[in-house]
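Worksheet: the structure to be examined is printed underneath.
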Amino acid sequence: MSNKPIKRTKLEMAKSPEGIEGPGFFAAKLQDVIGLARANSLWPLPFATSCCGIEFMATMASDYDLARFGSERLSFSPRQADMLMVMGTIAKKMGPTLRQVYEQMAEPRWVLSVGACASSGGIFDTYSVLQGIDRIIPVDVYVPGCPPRPEQIIEGILKIQELAKNESLRRRNSPEYKKLMNSYGIE
Amino acid sequence: MSQDLLNKLTESINLNVGGAIEKAELPYDFATITIHKEHIHEVLEFLKNDKNWNFHFLTDLTGFQTADEKQLGVVYHLHNMITNIRVRIKTHFDINKPEIPTATDIWPGANWMERETFDFYGVKFKGHPNLKRILNVDEMDIFPLRKEYPLEDQQREDKDDKMFGR
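Chains X and E, in that order, give the protein sequences. Going by numbering that gives the first Met the number 0, the letters in the first sequence line up with residues 0 to 186, in that order. Going by numbering that gives the first Met the number 0, the letters in the second sequence line up with residues 0 to 165, in that order.
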């Protein structure tokens, strides 16, 4: 064993929302509390089709350990998942499948597009490849890279946590949101 | 394959299916016989069923387009695993009338290969039991490996001709 002192990263725990605190009670906005719960227990649905999927495996494994951010429970059923992670090239033939998976997810749902291929088609500028998944489903956060490092994928998930934390509970009922969905022909 | 063996093969094809051979070559020691389109099914049937040659295994079947873009072709790779003799059979035809008899009645394994060739080149295999697209999306209305269609996705917006030479 070396005598070097172990360098510890200063971690911030999830902060409690703003509120009024007194002996034996804490009053806060319901929206903030729900946002806190949602953000720190996002269940990801991995949709890994190529090399970005390998980076995702590293992200889930012990070195990078996505479990630190409350996302250790992968959901392979779209019905229980909160966050769709699309990692890799999506061929045009895969498009309807991806869309069906997205439609099966329950609200609230977020989409993370990992890597150049999922975001824009990447190097595959060809007749058989979908030129970005945002042509068939709405995307919340894009992670650039070919493939991105696990740190970048974690950064993307943290951005989605930020969205989940600050999103209004009524956002998904808003006319803007419905308009967005309709523009993709969903519902 | 040696030149002697190739000569023997062309001789027996000529004997059984007269006038079928357009040319016979030996590039990189690989026997390549080009057959006139009208005789292709007869020749394949003969190569499969003949007791001496018995090319019982269809290694591969695929399409090609000639450099002048006016002709389409189909190439068959045949293999006799007992004597370990291989041969490549080619045929070609006008791109405006891409019709050729199916080989599925000779080798059932030709089924998916012919569907693939139809998918990418639009070669219509007459008598094929289920000739529809196999790899590309069903809605596709082009044959992507023909030279008249561009390789790139035409919907792409982030690349322009100035920078990417499209």
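All C-beta atoms in this analysis are idealised placements derived from N, C-alpha and C, irrespective of residue type, glycine included. Computed from a predicted structure; not experimentally measured.
Contact under 8 Å by Cβ, residue i with residue j
i                 : j                 : result
Lys123 of chain E : Leu130 of chain E : yes
Leu129 of chain X : Met104 of chain X : no
Gln70 of chain E  : Ile94 of chain E  : yes
Arg85 of chain E  : Val74 of chain E  : no
Asp133 of chain X : Trp109 of chain X : no
Phe54 of chain E  : Asn79 of chain E  : yes
Leu60 of chain E  : Ala109 of chain E : yes
Ile105 of chain E : Lys36 of chain E  : no
Glu115 of chain E : Ala102 of chain E : no
Ile33 of chain X  : Leu168 of chain X : yes
Glu20 of chain X  : Asp31 of chain X  : no
Glu151 of chain E : Thr125 of chain X : yes
Phe119 of chain E : Gly62 of chain E  : yes
Ser112 of chain X : Val85 of chain X  : yes
Ala30 of chain E  : Leu57 of chain E  : no
Ile156 of chain X : Ser70 of chain X  : yes
Val100 of chain X : Pro137 of chain X : no
Pro147 of chain X : Tyr63 of chain X  : no
Gly87 of chain X  : Gly52 of chain X  : yes
Ala13 of chain X  : Leu35 of chain X  : yes
Ser127 of chain X : Lys91 of chain X  : yes
Val42 of chain E  : Ile81 of chain E  : no
Glu147 of chain E : Glu68 of chain E  : yes
Glu102 of chain X : Ile185 of chain X : yes
Phe68 of chain X  : Gln160 of chain X : yes
Distance between beta carbons of residue j and residue i, contact taken as under 8 Å
i                 : j                 : result
Ala117 of chain X : Ile89 of chain X  : 6 Å
Gly94 of chain X  : Ile135 of chain X : 5 Å
Phe142 of chain E : Gly121 of chain E : 4 Å
Ala66 of chain X  : Phe55 of chain X  : Contact doesn't hold; Cβ gap of about 14 Å is too wide.
Thr8 of chain X   : Ile152 of chain X : Not a contact, Cβ separation roughly 18 Å.
Leu73 of chain X  : Pro45 of chain X  : 6 Å
Thr9 of chain E   : Ile32 of chain E  : 7 Å
Residue i, buried or exposed, once every other Cβ within 10 Å from all chains shown has been counted against 16
i                 : result
Asn172 of chain X : exposed
Cys145 of chain X : exposed
Thr65 of chain E  : exposed
Thr90 of chain E  : buried
Arg37 of chain X  : buried
Asp81 of chain X  : buried
Phe75 of chain X  : exposed
Leu1 of chain E   : Position check: residue 1 of chain E holds Ser in this sequence, whereas Leu was assumed. The residue in question, Ser1 of chain E, is exposed, as its Cβ has fewer than 16 Cβ neighbours within 10 Å.
Ala26 of chain X  : exposed
Ala60 of chain X  : exposed
Ser15 of chain X  : exposed
Tyr27 of chain E  : exposed
Lys164 of chain X : buried
Leu77 of chain E  : buried
Pro22 of chain X  : exposed
Pro97 of chain E  : buried
Leu97 of chain X  : buried
Runs of alpha helix (DSSP H) wholly within the region 112 to 152 of chain X (minimum 4 residues, chain order)
Unbroken alpha helix (DSSP H) stretches of 4 residues or longer found wholly inside the region 112 to 152 of chain X: 114 to 119, given in chain order.
Taking a Cβ distance cut-off of 9 Å, strictly less, list which residues of the region 85 to 118 of chain X are near chain E, in chain order.
Correct list: Ala90, Lys91, Lys92, Gly94, Pro95.
Taking Cβ-Cβ distances below 9 Å as the criterion, which residues of the region 123 to 134 of chain X are in contact with chain E?
Cβ proximity to chain E below 9 Å picks out Phe123, Asp124, Thr125, Tyr126, Ser127, Val128, Leu129, Gln130, Gly131, Arg134 from the region 123 to 134 of chain X.
Residues of the region 137 to 165 of chain E with a CB closer than 7 Å to any CB of chain X: list them in chain order, please.
Residues passing the 7 Å Cβ filter: Pro143, Leu150, Glu151, Asp152, Gln154, Arg155, Asp157, Lys158.
Return the residues of the region 116 to 137 of chain E that lie within a Cβ-Cβ distance of less than 7 Å from chain X, sorted by chain order.
Of all residues in the region 116 to 137 of chain E, Asn135, Val136 have a Cβ within less than 7 Å of some Cβ in chain X.
Contained beta strand (DSSP E) runs [length at least 3] in the region 49 to 99 of chain E, N- to C-terminal order
Runs found: 56 to 64, 70 to 79, 84 to 93.
Which residues, in order along the region 1 to 26 of chain X, keep a beta-carbon less than 7 Å from a beta-carbon of chain E?
So nothing in the stretch comes that close.
Contiguous alpha helix (DSSP H) assignments of at least 4 residues, all confined to the region 28 to 56 of chain X
Taking only runs of at least 4 residues, the alpha helix (DSSP H) segments lying wholly in the region 28 to 56 of chain X are 29 to 38.
Mind listing, in chain order, the continuous beta strand (DSSP E) runs of no fewer than 3 residues lying wholly within the region 10 to 48 of chain E?
Whole beta strand (DSSP E) segments, 3+ residues: 20 to 24, 31 to 34.
Complete runs of the beta strand (DSSP E) confined to the region 68 to 120 of chain X [at least 3 residues]
Taken in chain order, the whole beta strand (DSSP E) runs of length 3 or more contained in the region 68 to 120 of chain X are 82 to 86, 109 to 113.
What alpha helix (DSSP H) runs, 4 residues minimum, are completely inside the region 141 to 165 of chain E?
Runs of the alpha helix (DSSP H) inside the region 141 to 165 of chain E: 160 to 163.
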